[in-house]
Amino acid sequence: MKIVIAGAGEVGRHLAKMLSKENQDITLLDRDQKRLDVIDSNYNLMTWNGSSYSFQSLKDVAISDADLFIAVTPYETDNILSCSIAKKLGAAKTVARIDNSEFIIQKNSRILKELGVDFMIYPENLAANEIAKCLSHNWARYWGELHDGNLLLIGVKVYGNSLLLNTKIKDLPVTTHDFHIAAIKRHNETIIPNGNDEILSDDIVYFITTPPYIEKVRELCAKTRRLIHDVIILGGSRIARRFARLYHDKFHIKILDNDMEKCEKMATELPPDCEIVYGDGRDIEVLRENSIYRYDAFMALTGSSETNILACMTAKEFGVPKTVADVENLQFMDLAENMNIGTTINKKLLASSHIYKILIDSDQSNSRFLTLADADVAEILVQEGAKITKKPVSQLKLPFGMTLAALIRNDNVSLISGDTRINPGDYVVVFSLQGTLEKIEKWFN
Amino acid sequence: MRPLRIKLPRLAHKKFINLLMLARVEGWLLMIESLFMLIPCIIALVYEPESSIPFFIVAGITGGIGALMTMIRPKSKEMGRREAILLTGLTWVVLSLFGMLPFIVYGTHLSVTDAFFETMSGFTTTGATVLYSFADVPKSILLWRCLIQWFGGLGILLFTLAVVPMLNSSGGLLLFNAEVTGITHDKLRPRVSATAKGLWLVYIVLTVILVVLLSFSDMDFFNALCYGMSTMSTGGFSTSEAGISQYNTIYVKSVMVVFMFLGGVNLSLIYNAISGKVMNIFRNTVFKAYVGFVVIGYLLITADVIIEGLNETIEDVTISPLFQTVSMLSSTGISAPGFKSWGPLSLVVILTLMFVGACAGSTSGGAKIDRFIVLFKFIKNEFYKIMHPSAVTTVILNGRGTNPAVIRKTLAFLFLYILVIIIGGTVISLFGIPLGDSLFCSLQAVSNMGMATDTTGINGDYSLMPTFVKWLLSFLMLVGRLEIFTVILVFTPGFWRH
């Protein structure tokens, strides 16, 4: 696919790198040559120095052949204008990054669509929704929904008195096939397990399951469900404000910020049931004054990843059960996860995976892949006469490092067990280590 | 959905150099080389069937070793900057080592040194030769010489990038940057393999046109093919002692002038022109300067011919000086007959032209016009700044401002370029070759020219050079072809340190 990305900011660069690795034709457009230089000499893509809403620049990057135009410059008006021009010049699909909730209201988005903006991404909104989801499923480390929530990928850190520990997977005290253990993350290693692997304490186990069995998975992991109501937020950032607007009736929200002007602005603009407090949240005295130990969740959403990570660790010391940190430096993410900060949020990753989804949906090819760091989740269409259709799953000699997770037949999602027989025309969700997909694809063609 | 991050500790386990991956890519390259070897095999079957068997054996050995090496399954397919630089230099050496086998198995009078020199000279499109007699050289070998020039002309790795999908990645891009000449590297298309395919397509089309045009003259098809590849790659190997002078018609010379000229133009510019952006050519500063150099060189040499009173025919003031100018500037090194009798002015002009070279991104050698434009504009700015200390100036190339880092790199390059030529020449002179000739040889090798003097060989060749000098010259050719940094960097201690 030919993709033109306008704006070599953090989201733009991340997308460009990621999509270039996925063998797409990427052209990155920016007005600042300096931002392009490094990426141009290191990545397999083309860069072009020019404005995203200049007719000449758009023609220079051959916009008329582009399958997708993504405008992710810092200014939403620029993005909308560029998308509009790009669409008129022949781009098949356009995506604009916005930071105004008005635009995503159904009837307004129709007007924007007429202007030529097909999709919009609103990273702060994505982040706010993501945080809310984490808070409601707070026993899980990772919560992913595929197929409109009909298929779930749940990551849980297991320890304590979980029934799963120290037994081989084939000997687990379960009789039904309500879930699959798709992957295990142990220290820094990812394992795609087979029946003989064991689950140890402090592993993060990734389950694939369907909604009716969520509770069963939770019980197996010996996790208790905690209802989160009181939430304290450090930093009145855009994510924090968006979260407060969206969820003020679901949670009791207190926002701490050390900028008086910002506090006053928030106090006027945000719904009145949100508490705004002026004070430096890095100061333990301030936290104590606000009786932090009483809160169910602590979220550090300032612009500084370092502050957020450290603040969350402080909150853990105070005994806050759930912490969320906004970590914008990708390098810090693993570090933060290893330090037991419950959930890390990254706007860049959220925005790029959202765009990736748009891309997958508009791609007409048979296999749809969702590459997620080192593990791949692929949804593969089974071809007529494929090897995998010959026998029931348990009799196939499938390669190591993969799990056949679920089957989508006529839009019905079901899990795959040993005696499932796969038919041509089904979609199969496969979980595998990165780099083994080519091998796996052979089974489906 | 939030992206799932299950991260393998990639950085911690990364090997210092991913040698297995390098070996695997080398395997691919050897297989490609063995395919190229099959072309002279076929020619041999047609012209001299009895000599084709050893050639097939060599091709088989090369392909077999290559195939074995591609069996290697490296743990990680990643290639970083260090691997890319090492691979680029290594490839040219390894392919030359295998490429010299045909010269050795044929029982020509070539030693290993001579065969390696000849091959490296071919791949780097230098065109310096150690063959002083062509009488007993089979046609397949003559074709092989021209073929390796043609292969090396645009770039061995560039060809690989076009055909091996595995390299269509960031690692491949680093290879592209390390091999393609010039200060900055134009990409035609977003994917590096598409860029490589585009460039090779232009190159192949131009070569085919040239071969067809040449075969309309009194050349037979075999010679047209050889000269076609040799001219297009601006290499300069010929198929006989007499060289081009036996086809001394205005038609042949004119065709060759045009294609040598095109060989010196940035290929991506030609690609753009073909795909409809013709005006780009006339807006291109470098192209304009290239034309300027040709015109001035031609006028000066013609003036010298007239001063010396050598203008006997109309050809002596028209096509011959033009042929000579373009041949020198594009680093082809095929010389117009009788140029040796021209005066000292011509010699100075010729030396200048071969030092400057043609446009970056072309198949030619030399320091490249782009860099001299940057240098002169920069110097002009510096003079201006002495009078107007607070003036802000930039160097504008092709309508775009040049980054100060690019200017620094250009200055460092030109300094290093001159240094390499001088050091090379000085070392050669230690072997009893007159200093003037030594420096000339060194300049020839670094700028991939391949003309010789009387002290170096019998018949415009390098056969009389001492063994060590031949190896040194081979090295200098590689240094010149890969534009200094890529090769020299491997010999710096910093490259091998963590």
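Keeping their order, the protein sequence lines are chains R and V. Counted the way the numbering used here counts, the first sequence spans residues 27 to 471. Counted the way the numbering used here counts, the second sequence spans residues 838 to 1335. Don't be surprised by glycine CBs; every beta carbon is placed ideally from N, CA and C.
Handout entry: Presumed contact (8 Å Cβ cut-off) between F205(R) and Y168(R), rounded CB distance
Key = F205(R) to Y168(R), Cβ: 14 Å. No contact.
Handout entry: Residues, ordered as in the chain, of the stretch 1002 to 1018 of chain V that lie near chain R by beta-carbon distance below 8 Å
Key = N1005, S1006, S1007, G1009, L1010, L1011 and N1014
Exercise for the section: Let me know if F1220(V) comes out buried or exposed under the rule of 16 or more other beta-carbons within 10 Å of its beta-carbon. Expected result: exposed
Handout entry: Limits of the alpha helix (DSSP H) - the one that A972(V) falls within
Key = Element bounds for A972(V): n/a, residue is neither H nor E.
Problem - Closer than 8 Å to chain R by CB, V1193(V) - result: no
Practice task
Just the chain V side, please: which residues come within less than 7 Å of V67(R) by C-beta, in chain order?
Solution key: Looking at the sequence shown, residue 67(R) is not Val but Ser. Within chain V, N1014 have C-beta atoms less than 7 Å from the C-beta of S67(R), given in sequence order.
Handout entry: Any chain V beta carbon closer than 8 Å to N70(R)
Key = yes
Problem - Within chain R, the residues that P1027(V) reaches when beta carbons sit closer than 7 Å - result: D51, I52, T53, L71 and M72
Exercise for the section: Label I1020(V) either buried or exposed according to how many other C-beta atoms from any shown protein chain fall within 10 Å of its C-beta, with 16 as the threshold for buried. Expected result: By the Cβ-count criterion, I1020(V) is buried, with 16 or more other Cβ atoms from all chains shown falling within 10 Å of its own Cβ.
Practice task
Check W74(R) in the structure and name its three-state DSSP category.
Solution key: Strand at W74(R).
Practice task
Determine the direct distance from the alpha carbon of L998(V) to that of L1004(V), and round the result to whole angstroms.
Solution key: 6 Å
Problem - Three-state secondary structure assigned by DSSP to G1180(V) - result: Three-state result, G1180(V): coil.
Exercise for the section: Note down the Cα distance separating E354(R) from C338(R), rounded to an integer number of angstroms. Expected result: 15 Å
Problem - Contacting residues, own chain, Cβ-Cβ under 7 Å from V1186(V) (five flanking each side not counted) - result: For V1186(V), where only same-chain residues beyond five positions count, the Cβ hits under 7 Å are G1134, L1137 and I1138.
Handout entry: chain R residues whose Cβ lies nearer than 9 Å to that of K1024(V)
Key = D66, L71, M72 and T73
Exercise for the section: Report yes or no: do three or more beta-carbon pairs, one from the stretch 919 to 936 of chain V and one from the stretch 1033 to 1049 of chain V, lie closer than 8 Å? Expected result: no
Exercise for the section: Output yes or no for whether 8 Å exceeds the beta carbon distance between K114(R) and T120(R). Expected result: The Cβ atoms of K114(R) and T120(R) do not sit closer than 8 Å to each other.
Exercise for the section: Leaving out five residues on either side along the sequence, give the residues of the same chain with a beta carbon under 7 Å from the beta carbon of M1165(V). Expected result: I1187, L1190 and M1191
Problem - Buried or exposed by the 16-neighbour rule on C-beta atoms within 10 Å, applied to L71(R) - result: buried
Practice task
Tell me, please, which residues DSSP counts as bridged to H1225(V).
Solution key: Answer is none; H1225(V) lacks a bridge partner.
Exercise for the section: Grab the span of the alpha helix (DSSP H) containing R167(R) for me, first residue to last. Expected result: R167(R) -> no alpha helix (DSSP H), and no H or E assigned at all.
Practice task
Using DSSP bridges, identify the partner residues of Y453(R).
Solution key: Among the bridge pairs identified by DSSP, Y453(R) is matched with L407(R) and I434(R).
Exercise for the section: Go ahead and pull the three-state DSSP assignment for T1139(V). Expected result: helix
Handout entry: Contacting residues, own chain, Cβ-Cβ under 6 Å from G38(R) (five flanking each side not counted)
Key = I31 and V98
Handout entry: Coil, strand or helix - R394(R) by DSSP
Key = Bear in mind that a pLDDT of 46 at R394(R), under 50, signals an unreliable position, so the model cannot answer this.
Practice task
Identify the continuous beta strand (DSSP E) that holds A323(R) and give its terminal residues.
Solution key: A323 to A326
Practice task
Alpha carbon to alpha carbon, how far is Y304(R) from M286(R)? Give it in angstroms, no decimals.
Solution key: 6 Å
Handout entry: Cutoff 8 Å: Q390(R) Cβ touching any chain V Cβ
Key = Its pLDDT being 48, under 50, Q390(R) is placed unreliably in this model, and the coordinates cannot settle the point.
Handout entry: C-alpha distance - L336(R) paired with I993(V), whole-angstrom precision
Key = Take the alpha-carbon of L336(R) and the one of I993(V): they are about 52 Å apart.
Problem - Assigned secondary structure, Y1299(V) (DSSP; H/G/I helix, E/B strand, else coil) - result: The answer is coil: DSSP assigns Y1299(V) none of H, G, I, E or B.
Practice task
Can you say whether E920(V) is buried or exposed, counting buried as having 16 or more other CB atoms within 10 angstroms of its CB?
Solution key: Around the beta-carbon of E920(V), 16 or more other beta-carbon atoms lie within 10 Å, marking it buried.
Exercise for the section: Name the residue from M27(R), E156(R) and G33(R) whose alpha carbon lies nearest to the alpha carbon of L375(R). Expected result: In this structure, E156(R) is the residue among M27(R), E156(R) and G33(R) with its C-alpha nearest to the C-alpha of L375(R).
Exercise for the section: Reducing DSSP to helix, strand and coil, say where E885(V) ends up. Expected result: coil
Handout entry: Spatially closest choice to M868(V) from S933(V), T907(V) and V1048(V), by CA coordinates
Key = Ranked by Cα distance from M868(V), the options S933(V), T907(V) and V1048(V) are led by T907(V).
Practice task
State yes or no: is the C-beta of L1182(V) within less than 8 Å of the C-beta of D1141(V)?
Solution key: At a Cβ-Cβ threshold of 8 Å, L1182(V) and D1141(V) count as neighbours.
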